[in-house]
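Student: Using mature numbering (1 follows the signal peptide of the UniProt record, and there is no 0), the letters of the sequence shown map in sequence onto residues -19 to -1, 1 to 304.
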Amino acid sequence: MKKILLMLALAGGVASAHAQSADTTAVNDLTLKADIYPQQEDGDLYHGLSRKLTFDRMIPPYGLEVTYDKTTHIIFPSAVRYVDLGSPNLIAGKADGSENVIRVKATRKNFREETNMSVITESGSFYTFNVKYADEPLLLNIEMADFIHDGSEVNRPNNALDIYLKELGSESPKLVHLIAKAIHKDNRRHIKHIGSKAFGIQYLLRGLYTHNGLLYFHTQVKNTSNVPYEVDFVTFKIVDKKVLKRTAIQEQVIFPLRAYNYATAVAGKKDERTVFVFDKFTIPADKMLVVEMHEKSGGRHQSFTVESEDIVRARVINELKVK
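#1: I'd like the list of long-range same chain contacts for THR53, defined as Cβ closer than 8 Å, with 5 residues on each side in sequence excluded.
#2: With respect to 7 Å, is the separation between the Cβ of GLY194 and the closest non-hydrogen atom of the ligand FMN below this value?
#3: At which residues does the beta strand (DSSP E) containing LYS222 begin and terminate?
#4: Helix, strand or coil: how does DSSP classify ILE172 here?
#5: For residue 308 and VAL215, what's the separation of their Cα atoms in angstroms?
#6: Suppose you measure from the CA of ALA126 to the CA of PHE57; what does that come to, to the nearest Å?
#7: For ALA161 versus ARG239, is the C-beta spacing smaller than 8 Å?
#8: At what residues does the beta strand (DSSP E) containing ASP260 begin and finish?
#9: In its own chain, which residues sit with a C-beta less than 7 Å from the C-beta of VAL208, not counting the 5 before and 5 after it?
#10: When the Cα atoms are used, what is the spatial distance from SER133 to ASP37?
#11: Within its chain, find whatever has a CB closer than 6 Å to the CB of LYS218; leave out the 5 residues flanking it on each side and keep chain order.
#12: CA-CA distance, LYS113 and THR96?
#13: Closest to ASP291 by CA distance: which of TYR197, SER153, GLY78 and VAL82 is it?
#14: Pop quiz: ASN168 and ILE182 are said to be a contact at Cβ under 8 Å. What is the actual Cβ separation, rounded to whole angstroms?
#15: Under the three-state reduction of DSSP, which class applies to GLU124: helix, strand or coil?
#16: Where does ASP267 sit, in a helix, a strand or coil, going by DSSP?
#17: Which residue marks the beginning of the beta strand (DSSP E) containing LEU156, and which one marks its end?
#18: Identify whether GLU290 lies in helix, strand or coil by the three-state DSSP scheme.
#19: Whole angstroms are fine: how far does the CA of VAL256 sit from the CA of VAL297?
#20: Cβ atoms of GLY176 and LEU189: under 8 Å apart, would you say?
#21: Reducing DSSP to helix, strand and coil, say where PHE92 ends up.
#22: Which runs of the beta strand (DSSP E) fall wholly inside the region 51 to 124 and span at least 3 residues, in chain order?
#23: Terminal residues of the continuous beta strand (DSSP E) containing ASN242?
#24: Which one of GLU80, ASP116 and TYR49 has the shortest CA to CA distance from TYR63?
#25: Span of the beta strand (DSSP E) holding GLN231?
#26: In angstroms, rounded to a whole number, what distance separates the CA positions of PHE262 and ARG93?
#27: Taking only the alpha-carbon atoms, compute the straight-line gap between ALA7 and ILE40 and give it to the nearest angstrom.
#28: Using the Cα positions of VAL247 and ARG170, report the straight-line distance between them to the nearest angstrom.
#29: Have a look at the DSSP bridge pairing and note the partners of SER284.
#30: Could you give the residue range of the beta strand (DSSP E) that holds GLY44?
#31: Under 6 Å Cβ to Cβ from GLY67, same chain only, skipping five residues before and after it: list those, please.
#32: Could you check the C-alpha separation between SER289 and LYS223 for me, to the nearest Å?
#33: Which of the three DSSP states, helix, strand or coil, is assigned to ARG296?
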């Protein structure tokens, strides 16, 4: 009986060894496809496990022609924050006195190699261009207001990406723009006790909102006179309530991150509204926020104050209704 059991155990061991050998042979015989597990190193293949980029991941580039003796100007819908040139054959920079216009030209004549240029704007949009040399470019002044779309099924601009800018923290510039636009379009007056009125001009704070660490101030300028009102500048300062004669040392200036529909002029018998966006801040109990609007070449200046209680009661934005 012991001999029979020993023979069966040996037979099982031999079978297991044959199975393991067969499995090893199967693994060794496995042919790895180059487009999934490439093992070679050349211009078309990669080491390790790599997934191919498909065309639905691509941002379609615009075709751009440049020349040596003429300058190409590109106008973007918002201020330019970043420009990258793919070759020293190109030179580019912001147009003097403008934040949303880029000028581009060739640094040498008749360069043959196609290159590229990338641009990021303040609205969080990304643009890319394939650039080549032309003796006489067909287009010298280009407006980028119209975007390339994915098609009717998606209907989203390819450059409408979630590019985040440092000053807005974790908030997308696109979403900030949509929130400001929604507040402006909704045009509700939630605050009725903050404002100033003098010389036929009324400056009001219509609403205070908060979302994801940002504050939104909805202001309105009403001109009941017949004389147009030109805005020189608007300042936001945190000052001490007890100091009657304020100095620059006692003031903390708060700068807006964005201004939607910034009003620079208000015609007679008209009104304009602006939404200012700020990084979140609070006001100590012994201080207040002073908002001042100065008239250009005039004396009809306006100012109103915002208390700490008004800031902490800012309305939370939970949903948007923007078309």
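Where is the CB? At the ideal position from N, CA and C, for every residue including glycine.
Tutor: Quick look at the numbers:
#1: LEU45, GLU46, VAL47, ARG84, VAL85, LYS86, PRO118, LEU120, LEU121, ASN122 and ILE123
#2: Absence of the ligand FMN is noted for the structure shown, with no ligands found whatsoever.
#3: Per DSSP, LYS222 belongs to no beta strand (DSSP E) and is neither H nor E.
#4: coil
#5: Outside the shown range of the chain (-19 to 304) lies residue 308, about which nothing can therefore be said.
#6: 7 Å
#7: yes
#8: 252 to 260
#9: GLY249
#10: Since pLDDT at SER133 reaches only 43, below the 50 mark, its modelled position is unreliable, and the value read off the structure follows with that caveat. Taking the straight line joining both Cα atoms gives about 14 Å.
#11: GLU232, VAL234 and VAL271
#12: 6 Å
#13: TYR197
#14: Contact flag wrong, Cβ pair sits at about 20 Å.
#15: strand
#16: coil
#17: Note, LEU156: premise wrong, no beta strand (DSSP E); alpha helix (DSSP H) at 154 to 167.
#18: helix
#19: 15 Å
#20: no
#21: coil
#22: 53 to 56, 61 to 66, 71 to 75, 82 to 87, 96 to 102, 107 to 114 and 122 to 124
#23: It is not in any beta strand (DSSP E) - ASN242 carries neither H nor E in the DSSP assignment.
#24: GLU80
#25: No beta strand (DSSP E) holds GLN231; DSSP gives it neither H nor E.
#26: 54 Å
#27: Legend: pLDDT at ALA7 = 44, less than 50; position of this residue unreliable, no value from coordinates given.
#28: 20 Å
#29: GLU273
#30: 43 to 47
#31: THR96 and ASN97
#32: 15 Å
#33: strand
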